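In what follows, a structure is listed as structure tokens, so that the remarks can point back to it.
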Amino acid sequence: MNTPHDPTAALVRRLATSLRERAPAAGVELELALTALFAALQDGHTCVALADVAAAAAPGAPLGDVATLRAALLASGVVAGPDLAADAPLPLSLDGRDRLALRRHRTAEHRLAAALRSLATPVADVPAASLAALRALASQDGQVDWQAIAVAAALRSRLAVVTGGPGTGKTTAIVKMLAALLAGAPELQIALCAPTGKAAARMTEALALPRGEAAPGAAAALPRATTLHRLLGYLALEDGFRRNAASPLPHDVVVVDEASMVDLELMDALLAALKPTARLVLLGDRDQLSSVAAGQVLGDLCHTVPAATAVGPGLAAFVREHLGVGLPVTAAAPFADHVVALRRNWRFAESHGIGAFAAAVAARDADAAIAALQRGSDDLRLVSPPDANALLQPFGELLQAQVEASSAADALAKQATLRVLCAVRHGPFGVDACNAAVEALLRARAAIGAGPQYRGRPLLITSNDPQTGLFNGDLGVLWPDDEERLLAWFPGQRGGEPRKFLPLRLPPHETAWAITVHKSQGSEFDEVLAVLPDRDSALLHAPLVYTAVTRARRRATVAADVALLRKALATQPARISGLFDLLAAAAAD
Numbered sequence: 023m024n025t026p027h028d029p030t031a032a033l034v035r036r037l038a039t040s041l042r043e044r045a046p047a048a049g050v051e052l053e054l055a056l057t058a059l060f061a062a063l064q065d066g067h068t069c070v071a072l073a074d075v076a077a078a079a080a081p082g083a084p085l086g087d088v089a090t091l092r093a094a095l096l097a098s099g100v101v102a103g104p105d106l107a108a109d110a111p112l113p114l115s116l117d118g119r120d121r122l123a124l125r126r127h128r129t130a131e132h133r134l135a136a137a138l139r140s141l142a143t144p145v146a147d148v149p150a151a152s153l154a155a156l157r158a159l160a161s162q163d164g165q166v167d168w169q170a171i172a173v174a175a176a177l178r179s180r181l182a183v184v185t186g187g188p189g190t191g192k193t194t195a196i197v198k199m200l201a202a203l204l205a206g207a208p209e210l211q212i213a214l215c216a217p218t219g220k221a222a223a224r225m226t227e228a229l230a231l232p233r234g235e236a237a238p239g240a241a242a243a244l245p246r247a248t249t250l251h252r253l254l255g256y257l258a259l260e261d262g263f264r265r266n267a268a269s270p271l272p273h274d275v276v277v278v279d280e281a282s283m284v285d286l287e288l289m290d291a292l293l294a295a296l297k298p299t300a301r302l303v304l305l306g307d308r309d310q311l312s313s314v315a316a317g318q319v320l321g322d323l324c325h326t327v328p329a330a331t332a333v334g335p336g337l338a339a340f341v342r343e344h345l346g347v348g349l350p351v352t353a354a355a356p357f358a359d360h361v362v363a364l365r366r367n368w369r370f371a372e373s374h375g376i377g378a379f380a381a382a383v384a385a386r387d388a389d390a391a392i393a394a395l396q397r398g399s400d401d402l403r404l405v406s407p408p409d410a411n412a413l414l415q416p417f418g419e420l421l422q423a424q425v426e427a428s429s430a431a432d433a434l435a436k437q438a439t440l441r442v443l444c445a446v447r448h449g450p451f452g453v454d455a456c457n458a459a460v461e462a463l464l465r466a467r468a469a470i471g472a473g474p475q476y477r478g479r480p481l482l483i484t485s486n487d488p489q490t491g492l493f494n495g496d497l498g499v500l501w502p503d504d505e506e507r508l509l510a511w512f513p514g515q516r517g518g519e520p521r522k523f524l525p526l527r528l529p530p531h532e533t534a535w536a537i538t539v540h541k542s543q544g545s546e547f548d549e550v551l552a553v554l555p556d557r558d559s560a561l562l563h564a565p566l567v568y569t570a571v572t573r574a575r576r577r578a579t580v581a582a583d584v585a586l587l588r589k590a591l592a593t594q595p596a597r598i599s600g601l602f603d604l605l606a607a608a609a610a611d
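In the numbering used here, the protein residues as written are 23 to 611.
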């Protein structure tokens, strides 16, 4: 129930009052609808069903009937109906399936769907050198190499979507893809980007190959990856971007890593800024958590292809011609020629814990996922500790090693050995409690001193700051310099010397022995301790557990109540979005 201190409720009241000043016909239905819509937006949906709005009305109230509610909203003067243009100058919009959305979101969905459908067409001519590079990837044993299929999709069309879990070779596929594209056009301008600074840094490290290695004869290095906001030239005061349809990006190929984290409006801005001949490649894991903001563009695109092992007839014919293998075909999926799912796990054999767990979650098999956790593999185990202090005791040596490093660079490197990931921030198994438990453990070992600032304190940046070049999600450490001044150190570019800052110059930040699973996206650690709460929560679902476990390169420990864990793994939240219907409608066209 909303309270007087609920900021969302206060926003709804102010917005409803403002709209009524401009549309006197609007009544109580407006605040009812706005309350439900803003609650849906907080959960990542781009719209809310009128049935859910009506269900929130007082028992027996006229607005509890969907037809009555619909009529009242359409008569209010602030809601556009489905028969009006998507850009009708009204703040709210109701579609033909009785779903209410902000006009800006409905407009963005229509624009984005049109742009994706425009990209999803075969290119007129693929250079012979690019086709030769593709044929060089042909499997010698006649087996299907899905990385090669992804390369074929990127050559054949201006849109390629590559999805797969950790260890399935998305980075390798991109290297092969860029090599094939550059073989046919060595002067291509390429942009590499990701939604967060951390994800961009990881992309840069993974793709730190000289362009000459990717395409013989080209001397320049591949560009350093950047954030989407920086690529598009975000203008904070205007809440817009310097790059747009009137001032498009100059790049011929734009590659977006961790695309599952990109929300509706940011993806809409990116596609609006592409020049007419540009290619777009989206990389991501469709089973990971979706974006924090509204929308799930990667998920909607992937879900338009019902059979994960099938491709469209156009891509199948292209692959048969140039790779000599036959693929199962689906004709009903509009983007099946453009979405390629990588299946083979190169990092985790499926017989092992993490690999089996990831495959089970991807297959929506909660029982198999639980079995993988309870099997007690070397790389995956399940524990049920009584409290956070007991939970962290077995990890004391790994944690202490981080504060006993030989230098700031060594401390930053050791941070990648272990990270505690929590589903929630508060409570006995939340971020705050786990951070406090780690500090208590280290003080008991005499590894750190008293007080909030100490050598080895891990830092998490929580706000973007272009002035320092530090961005939300960046991880650093407090460490003394040669003069014993305690400074904040962050990884350097392309593996260079760490950057150092006076702590007072840092943007908002917090202690990061433990961080939320959402904040961990785009990161990887040798070992992960995934901590779930001891009571049910709306945050407990399969994508969250999957994302936490798959941050681990070598080993993951899941701390959870088995009954709550089983319920979480059986829960697959579905975001309500108008984009999926618009994309799926391409099949009918």
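By construction, the Cβ of each residue, glycine as well, lies at the ideal position given by its N, Cα and C atoms.
All values derive from a computational prediction rather than experimental measurement.
For the 7 Å CB-CB criterion, Leu181 and Leu302 form a contact. Here the alpha carbons of Gly375 and Leu395 stand approximately 7 Å from one another. Put simply, the segment 182–201 touches the segment 348–362. At least three CB pairs are less than 8 Å apart.
Separation of Leu116 and Leu85 (C-alpha to C-alpha, rounded to the nearest whole angstrom) is 16 Å. Here DSSP, grouped into helix, strand and coil, assigns Arg139 to helix. Taken atom to atom, the span from the alpha-carbon of Met283 to that of Ala202 is near 27 Å.
Taking a C-beta distance under 7 Å as the contact criterion, Asp274 and Leu605 do not qualify as a contact pair. In this structure the segment 455–469 does not lie against the segment 486–495, because fewer than three pairs of beta carbons, one per stretch, are closer than 8 Å. With respect to Trp368, Gly191 sits close: the two C-beta atoms are nearer than 7 Å. For Ala581, DSSP records a beta bridge to Val405 and Val553.
For Glu546, the three-state secondary structure derived from DSSP is coil. Looking at the backbone, the Cα of Leu420 and that of Val70 are separated by about 46 Å.
In the three-state scheme derived from DSSP, where H, G and I count as helix and E and B as strand, Glu43 is classed as helix.
The straight-line gap separating the alpha-carbon atoms of Ala607 and Ala294 is approximately 21 Å. If one requires a minimum length of 4 residues, the alpha helix (DSSP H) runs lying completely within the segment 252–298 are 286–294, in chain order.
When the Cα atoms are used, Ala380 and Leu561 turn out to be separated by approximately 19 Å. Pairing Gly262 with Thr68, the inter-Cα distance amounts to about 20 Å.
Distance from the CA of Thr143 to the CA of Gly164, rounded to the nearest whole angstrom, comes to 28 Å. Contiguous alpha helix (DSSP H) elements confined to the segment 124–212 occur at 125–141, 150–157, 168–178 and 192–206, taking only those with 4 or more residues. C-alpha of Met225 to C-alpha of Gly334: approximately 29 Å in a straight line. The C-beta of Arg441 has 16 or more other C-beta atoms within 10 Å across all chains shown, which makes the residue buried. Distances from the alpha-carbon of Pro474 to those of Asp74, Leu141, Ser485 and Glu532 put Glu532 closest. Where Pro565 is concerned, the enclosing alpha helix (DSSP H) starts and stops at Ala564 to Val571.
The straight-line gap separating the alpha-carbon atoms of Thr538 and Ala570 is approximately 9 Å. Val314 counts as exposed, since fewer than 16 other C-beta atoms from the protein chains shown sit within 10 angstroms of its C-beta.
With a cutoff of 7 Å on beta-carbon distance, Ala338 and Leu345 are scored as not near each other. By the 16-neighbour rule on beta-carbons within 10 angstroms, Gln594 is exposed.
The C-beta of Gln415 has fewer than 16 other C-beta atoms within 10 Å across all chains shown, which makes the residue exposed. Distance from the CA of Asp432 to the CA of Lys522, rounded to the nearest whole angstrom, comes to 14 Å. Among the bridge pairs identified by DSSP, Pro480 is matched with Val499.
Glu280 places its beta carbon less than 7 Å from that of Gly544. Residue range Gly375 to Ala384 is occupied by the alpha helix (DSSP H) that includes Ile376. Taking 8 Å as the upper bound for CB-CB distance, Arg36 and Leu52 are not in contact here, some 12 Å apart. C-alpha of Val567 to C-alpha of Asp147: approximately 44 Å in a straight line. In the structure shown, Gly452 falls within a coil segment according to DSSP collapsed to helix, strand and coil. If you compare the alpha carbons of Leu528, Lys541, Arg576 and Arg527 with that of Val550, the shortest gap goes to Arg576.
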